[in-house]
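Report on the structure given below.
Number of protein chains: 2
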Amino acid sequence: MFKELNPLLHSELRLGIMSLLLSVEDADFVYIREQTGATAGNLSVQIDKLSKAGYIEIEKTYKGKMPCTLCKITPEGVKAFEQYVDALKSYIPFKDE
Amino acid sequence: MFKELNPLLHSELRLGIMSLLLSVEDADFVYIREQTGATAGNLSVQIDKLSKAGYIEIEKTYKGKMPCTLCKITPEGVKAFEQYVDALKSYIPFKDE
DNA sequence: ATAATAAGTTTATTTTATAAACCACTTTAC
DNA sequence: GTAAAGTGGTTTATAAAATAAACTTATTAT
Numbered sequence: 043m044f045k046e047l048n049p050l051l052h053s054e055l056r057l058g059i060m061s062l063l064l065s066v067e068d069a070d071f072v073y074i075r076e077q078t079g080a081t082a083g084n085l086s087v088q089i090d091k092l093s094k095a096g097y098i099e100i101e102k103t104y105k106g107k108m109p110c111t112l113c114k115i116t117p118e119g120v121k122a123f124e125q126y127v128d129a130l131k132s133y134i135p136f137k138d139e
Numbered sequence: 043m044f045k046e047l048n049p050l051l052h053s054e055l056r057l058g059i060m061s062l063l064l065s066v067e068d069a070d071f072v073y074i075r076e077q078t079g080a081t082a083g084n085l086s087v088q089i090d091k092l093s094k095a096g097y098i099e100i101e102k103t104y105k106g107k108m109p110c111t112l113c114k115i116t117p118e119g120v121k122a123f124e125q126y127v128d129a130l131k132s133y134i135p136f137k138d139e
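Rendered as structure tokens:
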């Protein structure tokens, strides 16, 4: 009847991160924080979870002298997101308006 | 950028309950438990939360001599569900296939 | 009468999300 | 230079949530 919702994606902030990363080549920590409105601590934790699940890749670089954490969605991440959306459809009658 | 996801609805079980109740006139506790696969304890708690939020109405009746808890979605519940779906769309590129 | 089952509820436990506190470094002001 | 403030995060502690286990009350079967 209802498909299981991947708990790693069924989280407002993590879903936002993934949604954002789906639409860009990559994004840095600060940009993601600004776009999602998350606190740095929360973002750090959630990014780490997504990374450990293999849904995103993290590259620590520098922008000038400042540290810069780049995030990029992986193919597994894209697949998991698509499956999550598919599962959601079992709960929700979606129509594009 | 991303709309807020009503935390009361952004829960796998509660979303399932609401989705189910949207499609029927009403449903009893046992039926909801069967359809969602939830344990009775979990279902009891989540139904209570939805009820306290005014999203569903609970009527305690009897089926023969057995207690029977009937649930029915309220207009506020329908509205909240629709808003939740709308918010979800800010995270997810939905297409009907 | 006793045992098993049904329909829930209450309570306790585990997990999760979130924020507060902190660290390393950089820039700005004196 | 050195102190103060700011940037980019991480770690740790707290609050909230989901979930299951244990319990209650009544019913049916033996």
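Chains A and B are the protein sequences, given in the same order.
Position one of the first sequence corresponds to residue 43 (our numbering), numbered consecutively onward.
Position one of the second sequence corresponds to residue 43 (our numbering), numbered consecutively onward.
The beta-carbon is built from N, C-alpha and C at its ideal position, and this holds for glycine as well.
- [ ] Using 10 angstroms around the beta-carbon of A122/A, count the other beta-carbons present and answer buried if the total reaches 16, otherwise exposed.
- [x] As a first step, residue 122/A must be located in the first sequence, where it is residue number 80. A122/A should be labelled buried.
Open item on the list: Check whether chain B comes within 9 Å of T78/A, counting only Cβ atoms and requiring the distance to be less than that.
Closed with: Here residue 78/A is taken as the residue at index 36 of the first sequence, counted from 1. Chain B, which has a Cβ nearer than 9 Å to the Cβ of T78/A, makes this yes.
Open item on the list: Less than 8 Å separating the Cβ of K121/A from some heavy atom of the ligand MG?
Closed with: Summarising the ligand content, the structure contains no ligands, and the ligand MG is consequently not present.
Open item on the list: With the cut-off set at 9 Å, would you say L85/A and L50/A are in Cβ contact?
Closed with: Looking up residue 85/A in the first sequence gives position 43. Looking up residue 50/A in the first sequence gives position 8. Cβ distance not < 9 Å, so L85/A and L50/A don't count as in contact.
Task: Neighbour list for I100/B in chain A, Cβ cutoff strictly below 7 Å - done: Here residue 100/B is taken as the residue at index 58 of the second sequence, counted from 1. What I100/B touches in chain A: nothing, since even the nearest Cβ is about 21 Å away.
TODO: Assign M108/A to one of three DSSP states: helix, strand, or coil.
DONE: Residue numbering aside, residue 108/A sits at position 66 when the first sequence is read from its first letter. Three-state DSSP puts M108/A in a strand.
TODO: Would you kindly report the start and end of the unbroken alpha helix (DSSP H) that includes M43/B?
DONE: Working through the second sequence from its first residue, we reach residue 43/B at position 1. That residue, M43/B, is in no alpha helix (DSSP H); it is neither H nor E in DSSP.
- [ ] Please confirm if the region 108-121 of chain A is in contact with the region 53-71 of chain A, defined as three or more CB-CB distances below 8 Å between the two stretches.
- [x] yes
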